[in-house]
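Below: the structure, in structure tokens.
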Amino acid sequence: GAGVSQTPSNKVTEKGKYVELRCDPISGHTALYWYRQSLGQGPEFLIYFQGTGAADDSGLPNDRFFAVRPEGSVSTLKIQRTERGDSAVYLCASSLGTEGDTQYFGPGTRLTVL
Amino acid sequence: DAKTTQPPSMDCAEGRAANLPCNHSTISGNEYVYWYRQIHSQGPQYIIHGLKNNETNEMASLIITEDRKSSTLILPHATLRDTAVYYCIVRVWGANNLFFGTGTRLTVIP
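So the sequence lines, in the order shown, correspond to chains L and E. Under the numbering used here, think of the first position of the first sequence as 95, with each following residue one higher. Under the numbering used here, think of the first position of the second sequence as 109, with each following residue one higher.
Here's what the structure looks like:
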């Protein structure tokens, strides 16, 4: 079946601009996660959704970052007033939503802020 | 979640077993050991997880020491496609997020 998909695969923007990154989880997965991966580092947790609500947003670095999942499926990560330090690969994962279940990752969106 | 320590890089000859070590000396009784890998330009891929017993699946085997302070991921017959960064993660059952660390870069050599 189809895995987690993310669009766009690459996004180049200028400092100060607003960007949206999209994640389509595996059908039927109620849990959705966003991670950020800087060059040479492992992924870092940003936010976790169970259904439509953000159950844990403790990893969001500041209030320029926001994510939504209005219908409990597709999620959008929104970054306002982008900074060069926001450049990274943004990864989305989904899971069945049961305790301890496996997270399946998408290919990521590479964001470059000039 | 407990911190893990892995060597930054390892090489393995194609067709040989790759043994990737991980130290997690501060692991708690309710924390599982998970392994993921990340092939270049792809998202992380789940490999295997365990609590205290050794585990095996179609991809790999996981050997956890009796005191649970360390573990080894074994790829029995490494191929060039196994070249990736391998992450050892300890995670409380039911925790929302995975803490990846920097992993071990495994290079399989022809």
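Virtual Cβ for every residue (Gly too), placed ideally from N, Cα, C.
{"query": "Less than 8 Å between the CB atoms is what I'm expecting for L115 (chain L) and T170 (chain L), so what's the real figure, rounded?", "result": "7 Å"}
{"query": "Mind checking if L185 (chain L) is an interface residue toward chain E, Cβ cutoff 8 Å exclusive?", "result": "yes"}
{"query": "With distances taken between CB atoms, is the gap from T146 (chain L) to G122 (chain L) smaller than 8 Å?", "result": "no"}
{"query": "So, does the CB of Q114 (chain E) fall closer than 8 Å to a CB anywhere in chain L?", "result": "no"}
{"query": "What in chain E is Cβ-close to P102 (chain L), meaning under 8 Å?", "result": "Per Cβ cutoff of 8 Å: no residues; P102 (chain L) is ~15 Å from chain E at best."}
{"query": "Which residue or residues does DSSP assign as beta-bridge partners of G158 (chain E)?", "result": "E:V141"}
{"query": "What first and last residue would you give for the beta strand (DSSP E) that runs through K172 (chain L)?", "result": "169 to 173"}
{"query": "Going by beta carbon distance, what residues of the same chain come within less than 7 Å of Q144 (chain L), once the five residues before and after it are set aside?", "result": "T124, A125, G191"}
{"query": "What span of residues does the beta strand (DSSP E) with Y195 (chain E) cover, start to end?", "result": "192 to 200"}
{"query": "Pick helix, strand or coil for D180 (chain L), following the three-state DSSP scheme.", "result": "helix"}
{"query": "From S132 (chain L) to P184 (chain E), what does the alpha carbon distance come to, in whole angstroms?", "result": "31 Å"}
{"query": "Can you confirm whether the stretch 102 to 116 of chain L touches the stretch 172 to 190 of chain E when touching is taken to mean that 3 or more C-beta pairs between the two stretches lie within less than 8 Å?", "result": "no"}
{"query": "Consult DSSP for R124 (chain E) and reduce its assignment to one of helix, strand or coil.", "result": "coil"}
{"query": "If we ignore side chains and look at the alpha-carbon of each, how far apart do K160 (chain E) and I197 (chain E) end up?", "result": "14 Å"}
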